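There are 2 protein chains.
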Amino acid sequence: MAEDFVVTPWEVHGVIDYAKLIERFGTQPIQPELIERVRKIAGDVHPMLSRGIFYSHRDFNWILDEYEKGNRFVLYTGRGPSSGIHLGHMLPWILTRWLQAKFQVKLYFQITDDEKFLFKDFESLNDAKRIAYDNILDIIATGFDPKLTRIFLDTEYIHHMYPVAVRVAKHVTFSTTRAVFGFEHSNNIGEIFYTSMQAVPCFLESIEQGKNVPCIIPCGIDQDPHFRITRDVAPLLGFYKPALLHCKLLPSLQGFGAKMSSSQPETVIFAADSEKETRRKIGNALTGGRATLEEQRRLGANPDICVVYANYQYIFEPDEDHLKVVHDTCKSGARLCGECKAELADKVVAFLAKHHERREKARDHVEEFMLRD
Amino acid sequence: MAEDFVVTPWEVHGVIDYAKLIERFGTQPIQPELIERVRKIAGDVHPMLSRGIFYSHRDFNWILDEYEKGNRFVLYTGRGPSSGIHLGHMLPWILTRWLQAKFQVKLYFQITDDEKFLFKDFESLNDAKRIAYDNILDIIATGFDPKLTRIFLDTEYIHHMYPVAVRVAKHVTFSTTRAVFGFEHSNNIGEIFYTSMQAVPCFLESIEQGKNVPCIIPCGIDQDPHFRITRDVAPLLGFYKPALLHCKLLPSLQGFGAKMSSSQPETVIFAADSEKETRRKIGNALTGGRATLEEQRRLGANPDICVVYANYQYIFEPDEDHLKVVHDTCKSGARLCGECKAELADKVVAFLAKHHERREKARDHVEEFMLRD
Chain A
39 MAEDFVVTPW
49 EVHGVIDYAK
59 LIERFGTQPI
69 QPELIERVRK
79 IAGDVHPMLS
89 RGIFYSHRDF
99 NWILDEYEKG
109 NRFVLYTGRG
119 PSSGIHLGHM
129 LPWILTRWLQ
139 AKFQVKLYFQ
149 ITDDEKFLFK
159 DFESLNDAKR
169 IAYDNILDII
179 ATGFDPKLTR
189 IFLDTEYIHH
199 MYPVAVRVAK
209 HVTFSTTRAV
219 FGFEHSNNIG
229 EIFYTSMQAV
239 PCFLESIEQG
249 KNVPCIIPCG
259 IDQDPHFRIT
269 RDVAPLLGFY
279 KPALLHCKLL
289 PSLQGFGAKM
299 SSSQPETVIF
309 AADSEKETRR
319 KIGNALTGGR
329 ATLEEQRRLG
339 ANPDICVVYA
349 NYQYIFEPDE
359 DHLKVVHDTC
369 KSGARLCGEC
379 KAELADKVVA
389 FLAKHHERRE
399 KARDHVEEFM
409 LRD
Chain B
39 MAEDFVVTPW
49 EVHGVIDYAK
59 LIERFGTQPI
69 QPELIERVRK
79 IAGDVHPMLS
89 RGIFYSHRDF
99 NWILDEYEKG
109 NRFVLYTGRG
119 PSSGIHLGHM
129 LPWILTRWLQ
139 AKFQVKLYFQ
149 ITDDEKFLFK
159 DFESLNDAKR
169 IAYDNILDII
179 ATGFDPKLTR
189 IFLDTEYIHH
199 MYPVAVRVAK
209 HVTFSTTRAV
219 FGFEHSNNIG
229 EIFYTSMQAV
239 PCFLESIEQG
249 KNVPCIIPCG
259 IDQDPHFRIT
269 RDVAPLLGFY
279 KPALLHCKLL
289 PSLQGFGAKM
299 SSSQPETVIF
309 AADSEKETRR
319 KIGNALTGGR
329 ATLEEQRRLG
339 ANPDICVVYA
349 NYQYIFEPDE
359 DHLKVVHDTC
369 KSGARLCGEC
379 KAELADKVVA
389 FLAKHHERRE
399 KARDHVEEFM
409 LRD
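Residue numbers (this note's numbering), protein chains in the order written: chain A, 39 to 411; chain B, 39 to 411.
What follows is the structure in structure tokens.
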């Protein structure tokens with residue numbers, strides 16, 4: 039049977055049915071009660087949670103139980119340094135930053151230069167490392183708290199990671215990686231080993247404190263397969279299973295089913311894009327509009343299949359009331375795609391202008407964020 | 039077809055046909071011309087070479103070619119810290135020490151604590167590490183030159199090793215490890231990755247010097263499969279292929295076909311054995327003797343199937359003339375097993391007494407040998 043869509047840490051294609059993905063992966067949907075629980079504890083709830091951009095989880099309730107008992111959790115997220123950062127990459131970082139600020143907790147930020155070397159056609163590991171340090175500027179520019187953030191590259195922090203990675207690896211067979219990732223005999227042995235490395239940061243704080251510390255991982259749902267393995271292994275090593283918060287993937291500017299790819303610049307807005315590039319790309323984006331202006335005025339358009347609307351909803355319109363205005367005026371035909379794109383472009387350009395400024399400042403602060411030793 | 043004998047880095051059983059192993063592994067026999075070449079260059083030749091204990095190689099001629107052109111090689115050997123050291127482990131170290139002294143070259147000595155944790159039933163990685171440091175005392179006691187020797191544990195030197203290991207891993211598929219080591223889907227992903235780590239020391243000196251340096255690995259022939267893979271990968275990374283010198287495996291005291299096992303103490307003499315234990319074990323060893331004294335006096339015995347004679351030949355009788363006396367008097371029936379064992383036991387006891395003394399002294403010198411950052 040042909041798959042209608044595929045989601046793995048290294049491959050995403052087709053129109054993703056997110057409800058079906060919850061079933062496939064065996065995760066839990068984020069229900070209104072859980073969102074209300076967050077609001078009660080944090081005094082507030084981030085739009086990405088209330089709007090279902092972060093829509094799935096594992097054990098988030100348990101994380102909050104522990105927090106209410108006084109057991110602070112740690113956050114863990116990561117970045118595979120394969121290219122420049124685009125908005126899709128920043129999606130989980132934004133919620134992670136919010137969680138860090140609201141709960142005042144430590145964040146481990148893993149940069150998987152080994153992974154990107156092993157899985158991508160980098161000529162050398164140094165190419166992955168160079169991109170890693172470029173990406174770190176975008177991470178810092180996202181606004182994490184330097185006192186609570188620990189960024190590290192796998193190859194540089196390896197003396198702390200490898201002893202934990204081999205402990206994980208001992209409990210994971212090739213069969214498991216085959217079942218979970220679809221690995222074949224032609225996969226290289228670094229790819230096969232790699233999931234052990236992605237497991238490690240879940241346990242770093244427990245190791246540092248010498249006692250079990252809960253860990254929660256905000257990430258794209260495509261990363262869940264790694265942590266399914268980690269969750270199976272964790273108790274065997276005497277650690278808590280990591281909890282997860284899964285977000286949907288920001289759709290391609292070319293439509294929900296289109297491939298979002300750093301190698302096809304028209305499908306994504308990069309953090310480094312100029313105002314001109316940003317406006318052009320948004321101008322070329324696929325919308326839910328009608329074939330003609332007249333038709334659109336008469337019948338209205340469809341925001342629910344529109345990637346421009348998705349960008350309002352996922353990131354750029356925090357105000358619920360105005361988001362409703364965008365939605366409703368789109369549906370009624372009062373709003374046309376051109377003006378709607380221009381309005382989004384203004385927001386994205388303003389967001390990126392601030393990001394560029396923070397990114398330049400970040401150059402002088404990298405070491406404050408890095409986990410060395 | 040059932041295998042008559044099996045030799046892999048993790049499993050040895052059956053009576054090994056060493057000539058057949060050369061064919062299976064695709065290595066070269068060490069011919070008399072090569073031995074004479076060593077004698078010419080080194081001024082001398084070690085009995086392990088002239089007697090065919092080290093009997094197979096890859097590219098040893100090339101190593102000597104380069105040496106004569108003024109390109110010094112480096113030595114690399116290793117130890118998997120699974121138990122206390124026995125005489126079988128020390129066999130390749132003894133030739134390595136001789137090569138180091140004669141050619142005045144650097145030796146990288148890898149301690150594969152990760153391997154022994156991944157492949158053995160150690161409860162924790164620390165158990166492998168504890169045994170590693172115990173084994174290091176025996177390594178130092180063997181008499182390596184501290185100025186020319188660099189000992190390291192994989193998990194401790196990992197910051198230098200891992201970036202090289204992933205470069206190797208990228209060029210090795212699961213298929214290859216399956217073909218070379220017989221791995222199955224049930225192997226753990228650390229075991230599958232591990233050969234990348236054993237490849238790394240071949241390249242450490244080239245990386246340090248920033249130019250290609252020839253490397254030769256004296257080791258038991260059971261380790262060759264790792265380096266067959268390494269030799270395939272090396273040119274892809276721009277390094278020389280490592281050369282090898284393979285020794286036969288010291289037979290079990292219970293006979294050539296018997297399993298030599300640290301868990302069956304009567305099969306091996308440990309470096310830590312007392313005089314009493316040593317004498318008892320040699321006393322119980324299987325010989326090529328006859329059923330009765332009378333028969334032996336009359337028909338003679340067979341040194342070629344005798345593990346006591348093998349111990350004379352492999353390690354304990356450097357003098358060719360006396361070795362011939364032992365051989366001939368055994369064959370003629372003039373020498374009986376009891377006296378022959380007693381003579382060997384005297385030699386082994388003297389050897390171990392000196393070793394124990396050096397081992398105690400080694401405790402204060404570990405750091406002189408360790409490669410730390």
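Glycine included, every Cβ here is placed at the ideal spot set by N, Cα and C. Nothing here was measured: the structure is a model prediction, and the numbers come from that model.
Using the beta-carbon of each residue, which ones in chain B are nearer than 8 angstroms to T211 (chain A)? The sequence position of residue 211 (chain A) within the first sequence is 173, counting from 1. Ordered by position in chain B, the residues that pass the 8 angstroms Cβ test against T211 (chain A) are H223, S224, N225, N226, I227.
Which residues in the same chain have their Cβ closer than 6 angstroms to the Cβ of A272 (chain A), if we skip the five residues on either side of it in sequence? To locate residue 272 (chain A), count along the first sequence from 1; it is residue 234. For A272 (chain A), where only same-chain residues beyond five positions count, the Cβ hits under 6 angstroms are K279.
In its own chain, which residues sit with a C-beta less than 7 angstroms from the C-beta of K58 (chain B), not counting the 5 before and 5 after it? The residue labelled residue 58 (chain B) in the question sits at position 20 within the second sequence. So the list is empty, once near-sequence residues are dropped.
Between M39 (chain B) and D42 (chain A), what straight-line distance do the alpha-carbon atoms span, to the nearest angstrom? Your numbering for residue 39 (chain B) matches position 1 in the second sequence. Your numbering for residue 42 (chain A) matches position 4 in the first sequence. With a pLDDT of only 44 at M39 (chain B), under 50, the local geometry of the prediction cannot be trusted, and the value read off the model is given with reservation. Using only the alpha carbons, I get a separation of about 45 angstroms.
Apply the 10 Å Cβ neighbour rule to D192 (chain B) and answer buried if 16 or more other Cβ atoms are within range, or exposed otherwise. Mapped onto the second sequence, residue 192 (chain B) falls at position 154. The residue is buried, with at least 16 neighbouring Cβ atoms inside 10 Å.
For M298 (chain B) and V346 (chain B), I'd like the C-alpha separation in whole angstroms. Stepping through the second sequence from its first residue, residue 298 (chain B) is reached at position 260. Stepping through the second sequence from its first residue, residue 346 (chain B) is reached at position 308. Straight-line Cα distance between these residues: approximately 14 angstroms.
Provide the residue span of the beta strand (DSSP E) that contains E49 (chain A), from first to last. Translated into the one-based positions of the first sequence, residue 49 (chain A) becomes position 11. Unbroken beta strand (DSSP E) run through E49 (chain A): 49-51.
Within this structure, are the beta carbons of K286 (chain B) and I123 (chain B) separated by less than 8 angstroms? For the purposes of this step, residue 286 (chain B) is taken as the residue at position 248 of the second sequence. For the purposes of this step, residue 123 (chain B) is taken as the residue at position 85 of the second sequence. No.
Report the neighbours of D159 (chain B) on chain A: residues whose CB is nearer than 9 angstroms to its CB, in chain order. Against the second sequence, residue 159 (chain B) aligns to sequence position 121. Correct list: empty, because the minimum Cβ distance to chain A is about 10 angstroms.
To test your reading of the DSSP string, which unbroken alpha helix (DSSP H) runs of 4 or more residues are found completely within the stretch 60-91 of chain A? 70-80, 85-88
Classify N349 (chain B): buried if its beta carbon has 16 or more other beta carbons within 10 angstroms, exposed otherwise. Taking the first residue of the second sequence as 1, we reach residue 349 (chain B) at position 311. So N349 (chain B) ends up on the buried side.
In chain order, what residues of the same chain lie with their CB nearer than 7 angstroms to the CB of D151 (chain A), ignoring the 5 residues before and after it? One-based indexing of the first sequence puts residue 151 (chain A) at position 113. Cβ within range, chain order: P119, L163, A166, K167, A170, L191, D192, T193.
Distance between beta carbons of I132 (chain B) and I149 (chain B), contact taken as under 8 angstroms: The residue labelled residue 149 (chain B) in the question sits at position 111 within the second sequence. The residue labelled residue 132 (chain B) in the question sits at position 94 within the second sequence. In fact, because the Cβ distance is near 18 angstroms, the residues do not count as touching under 8 angstroms.
Work out the CA separation of R216 (chain A) and L324 (chain A) for me, nearest whole Å. Taking the first sequence and counting its residues from 1, the one referred to as residue 324 (chain A) is at position 286. Taking the first sequence and counting its residues from 1, the one referred to as residue 216 (chain A) is at position 178. About 36 angstroms.
Would Q66 (chain A) pass as a contact of S88 (chain A) if the rule is Cβ separation under 8 angstroms? To locate residue 66 (chain A), count along the first sequence from 1; it is residue 28. To locate residue 88 (chain A), count along the first sequence from 1; it is residue 50. Not a contact, by the Cβ cut-off of 8 angstroms.
Shortest alpha-carbon distance to Y105 (chain A) belongs to which of A:K140, A:Q236, A:T316? Residue 105 (chain A) sits at position 67 when you count from the first residue of the first sequence. Out of A:K140, A:Q236, A:T316, A:K140 has the C-alpha closest to the C-alpha of Y105 (chain A).
With respect to the beta strand (DSSP E) encompassing A281 (chain B), which residues constitute its N-terminal and C-terminal limits? The count along the second sequence starts at 1 and reaches residue 281 (chain B) at position 243. Where A281 (chain B) is concerned, the enclosing beta strand (DSSP E) stretches over 281-285.
Among B:V83, B:H51, B:T187, which residue has its Cα nearest to the Cα of T115 (chain B)? Taking the second sequence and counting its residues from 1, one reaches residue 115 (chain B) at position 77. Comparing Cα positions, the closest option is B:T187.
L337 (chain A): contacting residues in chain B (beta-carbon distance under 9 angstroms): Translated into the one-based positions of the first sequence, residue 337 (chain A) becomes position 299. Near L337 (chain A) there are no residues of chain B at all, since even the closest Cβ is about 54 angstroms away, more than 9 angstroms.
Could you tell me whether the Cβ of I196 (chain A) comes closer than 8 angstroms to any Cβ of chain B? Looking up residue 196 (chain A) in the first sequence gives position 158. Output row for I196 (chain A): interface = yes.
Measuring alpha carbon to alpha carbon, tell me which of A:P341, A:H360, A:V306, A:I320 ends up nearest L382 (chain A). Mapped onto the first sequence, residue 382 (chain A) falls at position 344. Nearest of A:P341, A:H360, A:V306, A:I320 to L382 (chain A), Cα basis: A:I320.
Is R117 (chain B) close to chain A? Criterion is C-beta to C-beta, closer than 8 angstroms. Residue mapping note: residue 117 (chain B) aligns to position 79 of the second sequence, counting from 1. Cβ-Cβ to chain A under 8 angstroms: no for R117 (chain B).
Considering Cα atoms alone, identify which of A:S121, A:H393, A:V83, A:A179 is closest to E406 (chain A). Sequence index remark: in the first sequence, residue 406 (chain A) carries index 368 (1-based). Measuring from the Cα of E406 (chain A), the nearest candidate turns out to be A:A179.
I'd like to know whether the C-beta atoms of V251 (chain A) and S234 (chain A) end up nearer to each other than 8 angstroms. Here residue 251 (chain A) refers to the residue found at position 213 when the first sequence is read from its first residue. Here residue 234 (chain A) refers to the residue found at position 196 when the first sequence is read from its first residue. No.
At which residues does the alpha helix (DSSP H) containing Q148 (chain A) begin and terminate? What you label residue 148 (chain A) is simply residue 110 of the first sequence in a count that begins at 1. Where Q148 (chain A) is concerned, there is no enclosing alpha helix (DSSP H), although the beta strand (DSSP E) it sits in stretches over 145-149.
Any idea if A388 (chain B) is buried or exposed, counting beta-carbon neighbours within 10 angstroms, 16 or more meaning buried? Numbered from its first residue, the second sequence carries residue 388 (chain B) at position 350. Label assigned to A388 (chain B): exposed.
Is A309 (chain B) buried or exposed, if buried means 16 or more other CB atoms sit within 10 Å of its CB? As a working mapping, residue 309 (chain B) is identified with position 271 in the second sequence. Its Cβ being crowded by 16 or more others within 10 Å, A309 (chain B) is buried.
For V45 (chain B) versus I177 (chain B), is the C-beta distance shorter than 8 angstroms? Position 7 of the second sequence, counted from the start, is the residue given in the question as residue 45 (chain B). Position 139 of the second sequence, counted from the start, is the residue given in the question as residue 177 (chain B). Not closer than 8 angstroms, so no.
Within this structure, are the beta carbons of I230 (chain B) and I196 (chain A) separated by less than 8 angstroms? Looking up residue 230 (chain B) in the second sequence gives position 192. Looking up residue 196 (chain A) in the first sequence gives position 158. Cβ distance not < 8 angstroms, so I230 (chain B) and I196 (chain A) don't count as in contact.
Does the beta carbon of D230 (chain B) come closer than 8 angstroms to any beta carbon on chain A? Numbered from its first residue, the second sequence carries residue 230 (chain B) at position 192. Note that residue 230 (chain B) is Ile in the sequence shown here, rather than Asp. Closer than 8 angstroms: yes.
Reference R75 (chain A), options A:I101, A:D55, A:Y56, closest by Cα: To locate residue 75 (chain A), count along the first sequence from 1; it is residue 37. Closest option to R75 (chain A), Cα to Cα, is A:I101.
So D270 (chain B) contacts chain A; which residues on that side make the cut at Cβ distance below 7 angstroms? Working through the second sequence from its first residue, we reach residue 270 (chain B) at position 232. Here the premise fails: no neighbours, minimum Cβ distance about 13 angstroms.
Short of 7 angstroms Cβ to Cβ, which residues in the stretch 135-157 of chain B face chain A? D152, F155, L156
N- and C-terminal bounds of the alpha helix (DSSP H) containing I54 (chain A): Along the first sequence, one-based indexing puts residue 54 (chain A) at 16. Here I54 (chain A) belongs to no alpha helix (DSSP H), and DSSP marks it neither H nor E.
Let's test the definition: count the other Cβ atoms within 10 Å of the Cβ of E395 (chain B) and tell me whether it reaches 16, buried, or not, exposed. Working through the second sequence from its first residue, we reach residue 395 (chain B) at position 357. Looking at its Cβ environment, which holds fewer than 16 other Cβ atoms inside 10 Å, E395 (chain B) is exposed.
Could you name the residues of chain B that T305 (chain A) contacts, counting a contact when the two beta carbons are closer than 7 angstroms? Here residue 305 (chain A) corresponds to residue number 267 of the first sequence, with the count starting at 1. The premise fails here: T305 (chain A) is roughly 28 angstroms from chain B at the closest Cβ pair, so nothing lies under 7 angstroms.
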